[in-house]
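This report concerns only the one structure given below.
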């Protein structure tokens with residue numbers, strides 16, 4: 001999976017697991033990885049309030065299907081289609097892809113600390129107003 005993610009990152013697209021079969025120990029033994037734009041969007045329920053935007057799905061044919069040989073521990077590729085029917089993401093916009101967006105731990109601390117401080121301040125202010 002990691003090598004396929006690296007491949008997708010290099011060519012500016014995202015992947016997702018479509019089908020996975022696991023053994024009795026919950027280890028993946030067979031799986032299919034597809035482009036995140038594979039398949040066709042489901043029809044939305046009219047009654048649910050949701051963002052009004054189009055689906056990115058365009059039935060992209062990219063897929064890699066592999067199976068793990070339990071005796072050797074080696075993955076065997078069963079099927080592979082490397083073609084896409086859509087444009088790849090612009091390299092300048094690559095940082096916005098879900099697979100690419102990782103917040104550094106040090107940056108995350110600066111985001112979380114003010115939120116926690118605000119929550120603690122809000123709690124202490126609420127205690128003072130109740131008395």
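Numbering (the UniProt record's numbering), first residue to last: 1 to 131.
Glycine included, C-beta positions come from ideal geometry on N, C-alpha and C.
Item, Value
"Integer-rounded CB distance, given that residue 90 should sit under 8 Å from residue 60", "At roughly 17 Å, the Cβ-Cβ gap does not stay under 8 Å, so residue 60 and residue 90 are not in contact."
"Residue 93 (DSSP reduced to helix, strand or coil)", "helix"
"Whole-angstrom C-beta distance between residue 55 and residue 41, which should lie under 8 Å", "3 Å"
"Extent of the continuous alpha helix (DSSP H) run through residue 17", "Here residue 17 belongs to no alpha helix (DSSP H); instead the beta strand (DSSP E) covers 15 to 22."
"Where residue 79 falls: helix, strand or coil (DSSP)", "strand"
"Residue from 9, 75 and 95 whose Cα sits closest to the Cα of residue 29", "75"
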